[in-house]
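Structure, as structure tokens:
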Amino acid sequence: MHSRYFLDNSGEPTMKAVIYDKDDHLLQSYHFDLDARKICSRLSQFGHEAYIVGGAIRDLLMGRIPKDFDIVTDASPSRVKKLFKSARVIGKRFRLVHIYFPRNKLYEVATFRSTESGDRRNVYGSLYEDVMRRDFSINALYFDPRDEILIDFVGGFADVKRRILRSVLPLETSFIEDPVRMLRALKYTAILGVYIARPLARRIRKDVKLLGNASNSRLSEELYKILSSGHSAEAFRLMDRYGFIKLFLPEFARKFDEHKGGKLREGVFSNLKDLDEEVDKRDVGRGAMIACLCERIAEEEGFFESALGERSLDDLSEYVKDLIVPLVQPNRDVENAVRHMFLHQGLCVPRKRNRRREVK
736 MHSRYFLDNS
746 GEPTMKAVIY
756 DKDDHLLQSY
766 HFDLDARKIC
776 SRLSQFGHEA
786 YIVGGAIRDL
796 LMGRIPKDFD
806 IVTDASPSRV
816 KKLFKSARVI
826 GKRFRLVHIY
836 FPRNKLYEVA
846 TFRSTESGDR
856 RNVYGSLYED
866 VMRRDFSINA
876 LYFDPRDEIL
886 IDFVGGFADV
896 KRRILRSVLP
906 LETSFIEDPV
916 RMLRALKYTA
926 ILGVYIARPL
936 ARRIRKDVKL
946 LGNASNSRLS
956 EELYKILSSG
966 HSAEAFRLMD
976 RYGFIKLFLP
986 EFARKFDEHK
996 GGKLREGVFS
1006 NLKDLDEEVD
1016 KRDVGRGAMI
1026 ACLCERIAEE
1036 EGFFESALGE
1046 RSLDDLSEYV
1056 KDLIVPLVQP
1066 NRDVENAVRH
1076 MFLHQGLCVP
1086 RKRNRRREVK
């Protein structure tokens, strides 16, 4: 372990980083995906910095198998595209490069982000600036596969070892800038078994109402990530404890309050525990996820008895949509959720409304 100064965009020495050698971090290049290493190697051959960053490093240090290998570089998106024939530039506000490999493998390469604020698009920065744009310290570790060194500006390596979730960004502004970071903090806590640092926990409780400013599409995306994580029951318990459900799924919160004693709440969490076990065994569709989330409430409210022979699949889908407002889900997923619930109850699935008959 030693220290090194890095240069900023003006060529001046900037923040000192701790450099961990392979004897310290115990990671070696062969632990990392071969194609991700090839991307870094080619960028390095043409004079660019290139690192594997974020979740892959964190997961390997925690003994987990990474799902993705993200790469950052000082090369511009257009430069990356020139170096890789299978590359495609995406995005507008901040351009990224997707590089495609055989067997449907996709890698995301980002140019170092700047800490410069404002509405300017595609402002690139230095390695240090990119670090300071990361959400949490455990996601701010950079691995150089060529030299097998781990670069740490913010104490992320120690936080991984202590299993502490700590913010890199200033807490006074982090959740104002992006309220969804609060939801990700609870998701990481549930999935990784980390502990939220006290200053971060206090700020989440203080800023929880900001979650109402997040777009419904982003909240829906995070919902599916949580439901497919294999740790949704614990994540929902944390959301309930921090007051997220009142903002994230207000109808759920209202029905929890209506049914005193916590029986309904525990029933929902029990269903999510069953979902977690299924996710560990096989791929679970979005319809089945929504069904696991909603079935206990629907059952408690007599949804299935009142539906028999009286209401169409369309009507029942509207009930589920109202239950998960403000999250917006495709009709197909909601209809599949209703089908899953009825089949799980051992009942016949209602038919869709006859559109032709209605037109006549």
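In terms of this note's numbering, the sequence shown opens at residue 736 and continues consecutively.
Every residue gets a Cβ at the ideal spot worked out from N, C-alpha and C, and that includes glycine.
{"Asked": "Is it true that the CB of HIS1075 sits closer than 8 Å to the CB of ALA1023?", "Found": "yes"}
{"Asked": "Please tell me whether, using a cut-off of 7 Å, the distance from the CB of GLY891 to the nearest non-hydrogen atom of the ligand SAM is below it.", "Found": "In the structure shown, the ligand SAM is absent, as is every other ligand, since no ligand is present at all."}
{"Asked": "Return the Cβ separation of SER811 and TYR859 in integer angstroms, given the expectation that the two are a contact with Cβ distance under 8 Å.", "Found": "7 Å"}
{"Asked": "Count the C-beta pairs between the segment 950-968 and the segment 914-931 that are closer than 8 Å, then say yes if the count reaches three, no if not.", "Found": "yes"}
{"Asked": "When you compare only the Cα positions, how much space is there between ASN874 and ARG868?", "Found": "10 Å"}
{"Asked": "Let me check one thing: in DSSP terms, what residues is ALA920 bridge-paired to?", "Found": "ALA920 pairs with nothing; no bridge assigned."}
{"Asked": "Can you tell me whether THR808 is helix, strand or coil according to DSSP?", "Found": "strand"}
{"Asked": "Less than 6 Å between C-beta atoms, sequence neighbours within five positions excluded: which residues of the same chain meet that for VAL1084?", "Found": "ARG1074, PHE1077"}
{"Asked": "Are ILE723 and ALA970 close, meaning C-beta to C-beta below 8 Å?", "Found": "What is shown of the chain runs 736 to 1095, which leaves residue 723 out entirely."}
{"Asked": "The beta strand (DSSP E) spanning ARG823 covers which residue range?", "Found": "822-825"}
{"Asked": "Give the DSSP-derived three-state secondary structure of ASP770 in the structure shown.", "Found": "helix"}
{"Asked": "Measure from the alpha carbon of LYS922 to the alpha carbon of each residue in PHE819, ALA771, GLU956, VAL1069, then state which is nearest.", "Found": "GLU956"}
{"Asked": "Have a look at VAL1014 and ALA920 and give me their C-alpha separation to the nearest angstrom.", "Found": "21 Å"}
{"Asked": "So, for LEU945: in the same chain, excluding its five sequence neighbours on each side, which residues have a beta-carbon less than 8 Å away from its beta-carbon?", "Found": "PHE910, ILE911, PRO914, MET917"}
{"Asked": "Taking only the alpha-carbon atoms, compute the straight-line gap between GLY997 and GLY1081 and give it to the nearest angstrom.", "Found": "26 Å"}
{"Asked": "With 16 other CB atoms within 10 Å as the buried threshold, where does GLN763 fall?", "Found": "exposed"}
{"Asked": "Are LEU876 and SER902 close, meaning C-beta to C-beta below 8 Å?", "Found": "no"}
{"Asked": "What does a CB cutoff of less than 8 Å around SER948 pick up in its chain, not counting 5 residues either side in sequence?", "Found": "A small fix is needed here, since residue 948 is Asn in this sequence, not Ser. These residues qualify, in order along the chain: PRO914."}
{"Asked": "With a CB to CB cut of under 7 Å and the five nearest residues on each side skipped, what residues in its chain are close to ASP759?", "Found": "MET736"}
{"Asked": "By a C-beta neighbour count over all protein chains shown, 10 Å radius and 16 as the cutoff for buried, is ARG804 buried or exposed?", "Found": "Residue 804 is actually Phe in this sequence, not Arg. With 16 or more other Cβ atoms within 10 Å, it is buried."}
{"Asked": "Span of the beta strand (DSSP E) holding LYS840?", "Found": "840-846"}
{"Asked": "Hey, which unbroken runs of the beta strand (DSSP E) at 3 residues or more fall wholly within the segment 851-903?", "Found": "876-879, 884-887"}
{"Asked": "At a cut of 8 Å, does the segment 809-829 reach the segment 771-791 through at least three beta carbon pairs?", "Found": "yes"}
{"Asked": "Can you tell which of LEU999, ASP1018, LEU906 has the C-alpha that lies nearest to the C-alpha of LYS960?", "Found": "ASP1018"}
{"Asked": "From the DSSP output, in three-state form, read off ALA752 for me.", "Found": "strand"}
{"Asked": "Between the Cα of ARG897 and those of ARG1086, SER872, GLY1002, spot the shortest distance and give me the residue it belongs to.", "Found": "SER872"}
{"Asked": "So, helix, strand or coil for ILE834, using DSSP?", "Found": "strand"}
{"Asked": "In whole angstroms, what separates the C-alpha of GLN780 from that of VAL895?", "Found": "31 Å"}
{"Asked": "Identify, in the order they occur along the chain, each residue of the same chain with its Cβ nearer than 7 Å to the Cβ of GLY890, setting aside the five sequence neighbours on each side.", "Found": "SER872"}
{"Asked": "Could you please give the first and the last residue of the uninterrupted beta strand (DSSP E) stretch that includes ILE1059?", "Found": "Where ILE1059 is concerned, there is no enclosing beta strand (DSSP E), given that its DSSP letter is neither H nor E."}
{"Asked": "VAL788 and ILE806 look like a contact to me (Cβ under 8 Å); what is the Cβ gap, rounded to whole Å?", "Found": "7 Å"}
{"Asked": "Quick check on this structure: which residue in VAL943, VAL1060, GLU843, GLY978 has the alpha carbon closest to the alpha carbon of GLY826?", "Found": "GLU843"}
{"Asked": "What's the C-alpha gap between ILE1059 and ARG793?", "Found": "33 Å"}
{"Asked": "Using three-state DSSP, classify ILE800 as helix, strand or coil.", "Found": "coil"}
{"Asked": "In three-state DSSP terms, what is SER849?", "Found": "coil"}
{"Asked": "What separation, rounded to the nearest whole angstrom, lies between the Cα atoms of PHE892 and ALA752?", "Found": "12 Å"}
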